[in-house]
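Chains as they are written, first to last, in our numbering: chain W, 133 to 523; chain X, 133 to 523; chain S, 133 to 523; chain H, 133 to 523. All C-beta atoms in this analysis are idealised placements derived from N, C-alpha and C, irrespective of residue type, glycine included. Notes follow the structure.
Protein chains: 4
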Amino acid sequence: MDAYTPTRGDRFTFGLWTVGNRGSDPFGGPVRDHIDPCEIVRNLAECGAFGVNLHDNDLVPLGKSQKERDTIVSNFKRALSENDMVVPMATTNLFSHPVFKDGAFTSNDPRVRAFALQKTMDGIDLGVELGAKLYVFWGGREGTEADACRDVRTAIERMREAMNFLTGYVKANGYDLRFALEAKPNEPRSENYFPTTGHMLHFISTLADEEMVGVNPEVAHEVMSGLSFPHAVGQAMEAGKLFHIDLNSQKIGRYDQDLRFGSEDPRQAFLLVRLLEGTGGGEPYRGPLHFDAHAYRSEDEQGVWEFARGNMRTYKILKAKARAFDSDPEVCELLRCHEDPELEALWQAGYDSKRAQSLRQIDLKPDEVARIGLRYERLDQLMMEHIFGVR
Amino acid sequence: MDAYTPTRGDRFTFGLWTVGNRGSDPFGGPVRDHIDPCEIVRNLAECGAFGVNLHDNDLVPLGKSQKERDTIVSNFKRALSENDMVVPMATTNLFSHPVFKDGAFTSNDPRVRAFALQKTMDGIDLGVELGAKLYVFWGGREGTEADACRDVRTAIERMREAMNFLTGYVKANGYDLRFALEAKPNEPRSENYFPTTGHMLHFISTLADEEMVGVNPEVAHEVMSGLSFPHAVGQAMEAGKLFHIDLNSQKIGRYDQDLRFGSEDPRQAFLLVRLLEGTGGGEPYRGPLHFDAHAYRSEDEQGVWEFARGNMRTYKILKAKARAFDSDPEVCELLRCHEDPELEALWQAGYDSKRAQSLRQIDLKPDEVARIGLRYERLDQLMMEHIFGVR
Amino acid sequence: MDAYTPTRGDRFTFGLWTVGNRGSDPFGGPVRDHIDPCEIVRNLAECGAFGVNLHDNDLVPLGKSQKERDTIVSNFKRALSENDMVVPMATTNLFSHPVFKDGAFTSNDPRVRAFALQKTMDGIDLGVELGAKLYVFWGGREGTEADACRDVRTAIERMREAMNFLTGYVKANGYDLRFALEAKPNEPRSENYFPTTGHMLHFISTLADEEMVGVNPEVAHEVMSGLSFPHAVGQAMEAGKLFHIDLNSQKIGRYDQDLRFGSEDPRQAFLLVRLLEGTGGGEPYRGPLHFDAHAYRSEDEQGVWEFARGNMRTYKILKAKARAFDSDPEVCELLRCHEDPELEALWQAGYDSKRAQSLRQIDLKPDEVARIGLRYERLDQLMMEHIFGVR
Amino acid sequence: MDAYTPTRGDRFTFGLWTVGNRGSDPFGGPVRDHIDPCEIVRNLAECGAFGVNLHDNDLVPLGKSQKERDTIVSNFKRALSENDMVVPMATTNLFSHPVFKDGAFTSNDPRVRAFALQKTMDGIDLGVELGAKLYVFWGGREGTEADACRDVRTAIERMREAMNFLTGYVKANGYDLRFALEAKPNEPRSENYFPTTGHMLHFISTLADEEMVGVNPEVAHEVMSGLSFPHAVGQAMEAGKLFHIDLNSQKIGRYDQDLRFGSEDPRQAFLLVRLLEGTGGGEPYRGPLHFDAHAYRSEDEQGVWEFARGNMRTYKILKAKARAFDSDPEVCELLRCHEDPELEALWQAGYDSKRAQSLRQIDLKPDEVARIGLRYERLDQLMMEHIFGVR
């Protein structure tokens with residue numbers, strides 16, 4: 133027990149599918165036993181987590197009768213309550229059943245789209261019953277290999293129809309539920325639609341109930357394409373659209389790794405935590421901190437819980453570092469910018485002919501300004517020394 | 133002279149900086165002589181191009197007096213008119229002068245932001261004088277290496293201020309001009325803001341005059357991150373935001389290559405041309421087809437014009453193939469989907485409780501639907517055989 | 133039946149695991165039924181293939197008794213003989229059983245290494261019994277995530293011990309069998325040892341029986357890292373080490389896709405076929421042409437055989453194009469280089485002080501030579517027009 | 133002055149071109165003034181460096197007379213001696229002059245190859261005069277865009293001829309000099325020959341004087357392709373071929389960034405330092421630690437020296453962490469492997485029929501061994517906590 137031991141107040145959550153991951157991959161089957169969802173709840177609570185998230189079929193396998201479903205759900209609710217755990221987020225598995233082999237909401241076959249809607253309405257009901265306030269959509273197989281099969285514009289329209297229908301469903305039922313859309317560039321499809329958080333943010337701006345819909349960015353999904361995850365998250369925050377977040381880690385340009393948070397690229401992890409916690413200024417993120425990762429295939433169940441603890445510890449370590457960095461006097465000094473409010477006033481209040489005229493007439497001496505060194509090497513080295521804990 | 137020889141009606145354009153590129157790179161200086169812009173106009177016209185685009189300083193070097201500028205511009209206009217060439221697009225160089233070393237509109241120094249606005253207003257005036265209907269913004273150095281130096285949200289806000297001010301300028305002057313924003317993930321900065329067309333589309337949706345602003349996607353910039361360029365273009369088209377396009381080619385995960393159009397990844401080039409030309413359905417793109425590429429460093433000036441011709445020929449070759457593919461009866465048969473308008477009507481018209489209830493009650497037989505083979509291997513092989521010209 | 137229909141003489145082979153692939157991936161289980169290996173043999177023969185390759189457990193599942201094994205093998209041999217098919221290559225599955233979760237020959241646990249040797253000796257016996265002349269080693273899980281677990285030098289030494297032991301086994305048994313080692317950069321491990329064909333070629337040069345060991349490069353594995361596959365194959369050919377080849381296609385920087393040969397990046401596929409066929413000069417490759425790919429998950433069994441045919445057709449299409457390209461008179465002219473045998477003689481025969489002295493004294497006029505344009509844009513455009521079939 | 137302040141004994145070196153870098157890139161010219169090489173020597177010495185490396189033209193610009201050259205060299209030697217600095221490594225600039233636009237030793241034009249040999253012999257003489265014991269070859273433009281222009285096998289043969297000639301030159305002159313070859317996958321060419329350290333190691337094994345030739349791996353060059361740099365370095369060390377090393381940092385799948393060492397991906401930097409220092413076992417690397425990086429373009433000269441110090445500090449920080457990690461008792465416990473020397477003896481001594489027979493007969497109980505958890509999550513988390521300095 134040290135300063136980095138997780139506690140309920142840290143708002144850490146895990147998916148049932150994360151600590152419950154059995155270690156299968158394209159080249160080998162499971163290496164770990166199934167863990168009962170109620171057992172997962174108990175163990176996560178003991179590790180210091182605050183909640184657990186799920187796909188419909190993580191809890192209720194496909195093909196269960198209504199009665200079986202109700203028993204499973206009621207047992208699960210008891211486990212939650214006994215362990216003081218919540219379900220902040222739920223989602224639908226729209227990718228495992230073979231019927232979704234060419235996508236769900238964007239499939240060329242209307243029967244598949246219809247089935248996806250049925251399954252999602254059921255999943256929403258389940259999520260709401262468990263207390264979820266957020267419903268995540270990850271477009272699993274919404275994409276292509278043989279790209280000629282479907283116009284991308286048709287795919288987008290179909291996705292919009294589905295989202296508009298489903299926000300309608302939520303409103304009609306009076307559910308207190310918002311949607312969070314999750315982008316991914318590829319895998320399991322060669323090209324997924326809406327490959328980045330940016331594409332998703334734009335798509336959301338075209339929805340009927342756009343105020344109900346935000347994003348759920350995932351570290352690994354943005355990093356696969358070599359994009360800056362903190363930048364993507366920052367763009368979502370600036371737009372008031374960061375409804376949820378999936379934390380893990382990943383190397384650029386590889387299969388979806390879902391590694392322990394902060395284990396790859398601790399520099400970016402630091403920048404992310406700094407942004408989420410707002411230590412450098414700006415509004416912090418206040419939602420749940422969800423780890424969408426899984427233990428290496430080399431691990432048995434003991435390793436799974438060591439993995440779970442590692443994620444949370446690393447977040448707390450980085451949070452402490454972010455605070456220290458932003459209160460380091462040399463850092464504060466380096467971050468101080470040249471200010472000139474009178475100059476900025478010429479454009480910040482919007483275009484005005486007179487102010488524009490004034491702006492055009494100022495001699496800004498660009499050659500002189502160009503000679504000022506910005507000392508970013510020093511700033512960055514200080515940041516690294518904070519990450520390394522030697523400052 | 134064959135079916136693929138470019139003509140004015142094909143709407144092909146080149147930047148002055150493309151055929152005028154002198155072959156410098158980070159490891160060596162120029163290998164080719166400067167070509168006078170008027171000479172470029174003449175040569176491009178002879179090759180079959182329709183127009184030429186430019187950065188302010190491609191035509192008028194920094195530091196010229198008003199009088200020198202006017203002479204240069206007037207000579208250039210004469211060359212355009214003598215050669216029946218147009219300038220459909222202009223843009224500002226906001227990256228070469230050292231003052232922009234940490235960005236232009238997003239710089240921490242308000243003097244830099246002010247200078248960028250001055251330079252852009254001048255550039256807009258120049259573009260309009262030359263007849264441009266589109267003004268492109270590529271955010272050159274808007275990005276970071278030492279990421280702690282600036283909150284990404286601040287960068288976005290500054291960019292928005294600049295765009296809002298500049299659309300104000302255009303409106304106040306009564307210019308018939310629209311903006312096209314161009315994304316790039318990195319280079320020359322380690323991380324650029326607005327790294328993809330998706331991020332840019334979202335940013336546009338937050339602007340004061342969003343109807344005046346669209347995107348200018350560039351093949352190389354999307355491909356650097358391994359994203360599907362046709363999908364990005366399709367999302368822009370679906371939103372009515374494809375105002376301009378930059379054609380070239382690029383390998384994934386490399387420095388910005390700006391290679392001859394279609395020379396890398398002819399499959400994606402085919403899919404792109406098919407989308408732009410609308411042979412597979414949907415509205416075609418009707419704007420200029422701009423090649424933002426340059427000749428290999430191994431070339432002398434003869435090679436530059438061979439390069440220019442190659443870009444245009446390849447576009448026309450692919451256009452002919454796209455038409456052939458979409459009128460191939462076997463392809464049409466493979467693209468025919470299962471239809472069920474009655475089923476689709478349950479959600480397409482928007483959410484309605486009664487229709488939703490009907491939808492939930494249908495037995496969609498997912499196990500049966502899952503067994504239908506989609507024959508995408510055959511479809512894709514046919515596409516490749518069209519690309520190979522053996523069908 | 134056209135010029136591109138495959139025939140036995142084309143030396144095309146498939147793995148049992150390729151056309152037998154059932155469509156599982158990390159996000160969903162099988163979508164296609166198991167096909168009996170004898171049935172696969174029949175169907176491949178009908179498609180025009182020449183042979184079939186296998187992992188030990190593709191034919192004989194783990195845990196079969198000796199008697200069951202013998203029955204399976206004897207039935208399979210009958211199917212081969214009835215269909216005039218051969219087994220040119222065999223290999224061991226050292227990655228599916230959970231015991232291999234941290235590698236086989238490089239595992240930290242000597243029991244795992246011992247088991248891998250046992251399994252490989254059995255696999256070699258099986259391969260030889262089926263007539264294989266080549267035995268492939270793909271290091272499945274030889275790699276790491278938690279890199280501190282093992283010194284990479286230890287991993288290399290263990291791999292060398294295993295290879296030396298196994299070539300010893302082959303020699304002691306008088307088998308007519310060579311080894312072909314296959315590199316892969318990552319997946320299923322975060323970092324695999326020997327990530328490229330280059331690393332593998334070097335490793336081979338350190339083996340006790342290096343003359344018995346060559347490489348089996350796979351398109352997808354080199355392309356995942358963005359490396360030139362033709363260059364890797366060329367380096368292997370130059371060293372006399374191209375013992376086998378795995379053909380498929382792949383996008384850079386993604387999960388292992390194993391797509392239909394030539395369907396992604398037809399340009400590189402053309403360059404590869406040109407190299408293998410020797411149409412541009414140099415010794416051709418004369419071994420089997422193995423397709424290590426699988427049909428999209430969208431396909432039923434019909435789609436699998438369409439996929440199989442597509443691979444072979446594309447190879448033959450590209451072979452015809454390679455011949456046409458290298459006999460195009462303009463291409464031949466462009467490929468003609470400046471020659472100066474007297475000059476080259478100064479270093480080509482090895483170092484000699486007198487010749488070196490002469491070499492140092494020549495005025496080579498670099499500024500003049502630098503001005504010669506190389507016309508590679510024209511050459512490359514011609515190549516593309518051959519690929520497009522418009523020349 | 134703290135424990136991480138660099139001193140001469142740390143063997144840190146910089147290239148003249150690194151701290152002398154003026155900040156040019158493809159989108160803008162220099163932002164910093166030229167610094168005289170003697171001034172660089174003084175400043176580096178003050179920062180705590182041990183030596184300085186150079187390309188021929190970093191010190192003696194192209195076109196200088198013999199007399200001018202001698203004056204420059206003699207001044208430079210005085211500066212070295214006055215500042216107690218050495219030149220451990222020298223190299224040739226074979227990429228900046230336009231004559232090398234299509235490569236140097238692999239060019240199709242024998243005059244270019246001859247000129248490259250002339251220039252390299254001169255460069256070797258200069259390096260030896262300055263006391264260099266190592267001569268680096270980075271193949272700048274040895275590569276292609278229009279791949280049809282040259283058979284890769286021809287390129288390899290030409291490179292071998294050049295290397296064999298030049299080792300001959302060194303031997304004939306009795307120079308105490310070894311070669312170190314440096315790989316890079318691309319940039320400035322679309323595809324470079326010998327793209328990775330693995331390819332280079334193999335090439336070396338085919339040289340006439342292979343014992344004189346090793347590798348000079350560079351972090352950025354291996355990371356561009358997403359390959360593990362520690363693994364590449366480890367393979368070179370295992371083969372006794374790590375003659376020199378270029379330290380910097382880089383993001384995967386981007387232009388050549390040459391960032392400050394350890395600033396990107398501190399995890400890999402830690403693993404590298406641990407390997408070089410041998411704290412985890414194995415022979416350490418004892419050569420110079422060369423930083424081939426440059427300051428951000430945002431910096432003035434002050435920033436350059438802050439950059440220089442940052443590289444060296446980070447190395448020393450990581451070295452201290454590596455020692456701490458490998459003496460952490462819990463780490464030592466986790467790294468302890470199952471041992472069974474009797475079992476290993478069955479194959480480690482090489483193949484023997486009797487021992488092989490024994491090996492085949494042991495029941496290794498793979499299902500039981502498979503169940504052992506390897507606790508790599510815990511190991512990796514401990515490593516991260518050492519990197520973070522919280523353990």
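Shown here for S:V345: same chain residues with a beta carbon closer than 6 Å to its own, the five before and five after excluded, namely F311, I336 and L339 in chain order. Contact with chain H is found for S:Q367, since one of that chain's Cβ atoms lies less than 9 Å from the residue's Cβ. Take W:E431, set aside five residues on each side of it, and the residues of its chain with a beta-carbon closer than 7 Å to its own are F439, in chain order. Counting C-beta pairs with one atom in each stretch, the segment 462-480 of chain X and the segment 394-408 of chain S have fewer than three that are closer than 8 Å, which means they do not touch. In this structure, W:V205 sits away from W:A264, with a CB-CB distance that is not shorter than 9 Å. By the criterion of a C-beta distance shorter than 6 Å, X:G272 is surrounded in its chain by L226 and F227, once the five residues flanking it on both sides are discounted.
Leaving aside the five residues that flank X:E178 on each side, none in its chain has a CB nearer than 7 Å to its CB.
Around X:N296, the beta-carbon contacts reaching into chain W at under 9 Å are W479, G482 and Y483.
DSSP, reduced to helix, strand and coil, places S:D378 within a strand of the structure shown.
Under a 10 Å Cβ-count criterion, W:C281 is classified as buried, with 16 or more other Cβ atoms of the shown protein chains found around its own Cβ. Scanning its chain for C-beta atoms nearer than 7 Å, with the 5 sequence neighbours on each side dropped, one finds around S:F247 the residues V231, in chain order. Between X:L194 and X:I172, the C-beta spacing is not below 9 Å. Using a Cβ-Cβ cut-off of 9 Å, S:P242 does not count as an interface residue toward chain W, since no Cβ of chain W sits closer than that to its own. The beta carbon of H:D165 sits closer than 8 Å to the beta carbons of R154 and E433 from its chain, once the five residues preceding and following it are set aside; these are given in chain order. The C-beta distance from S:M515 to S:F457 rounds to 6 Å, short enough to fall under 8 Å. Boundaries of the beta strand (DSSP E) around W:F146: F144 to G147. For W:V219, the secondary structure class from DSSP, reduced to helix, strand or coil, is coil. Sequence-distant partners of X:R406 (beyond 5 residues in either direction) whose C-beta falls short of 6 Å from its own C-beta, in its chain, are G412 and A454.
Assigned with DSSP and collapsed to three states, H:Y267 falls in strand.
Sequence-distant partners of H:I519 (beyond 5 residues in either direction) whose C-beta falls short of 7 Å from its own C-beta, in its chain, are P398, R399, F402 and K453. Of all residues in the segment 494-515 of chain X, only A502, R503, I504, G505, L506, R507, Y508, E509, R510, D512 and Q513 place a beta-carbon less than 8 Å from a beta-carbon of chain S. Distance between H:R487 and S:E261, taken at the CA atoms: about 23 Å. At a cut-off of 9 Å between beta carbons, H:I167 makes no contact with chain W. When the beta-carbon positions are compared, H:G385 and X:G275 stay at least 9 Å from each other.
Assignment of W:K233 by DSSP, reduced to helix, strand and coil, places it in the strand class. Note on the segment 258-308 of chain S: whole beta strand (DSSP E) runs with a minimum of 3 residues are 266-270, in chain order.
H:E319 is positioned such that its CB atom lies closer than 9 Å to that of H:D388. When only Cα atoms are considered, W:Q198 and X:E465 end up about 42 Å apart. Here the alpha carbon of X:D512 sits roughly 17 Å from the alpha carbon of W:N324. Spatial neighbours of S:S156 in its own chain (CB-CB distance under 6 Å, excluding positions within 5 residues in sequence) are listed in chain order as P162. Closest by C-alpha distance to X:K451, out of S:G372, S:V522, S:K383 and S:L421, is S:V522. A check of alpha carbon separations from S:K383 across X:E350, X:F297, X:A371 and X:V355 identifies X:V355 as the nearest.
Measuring C-alpha to C-alpha distances from W:D390 to each of W:L374, W:F326, W:K316 and W:D134 identifies W:K316 as the nearest.
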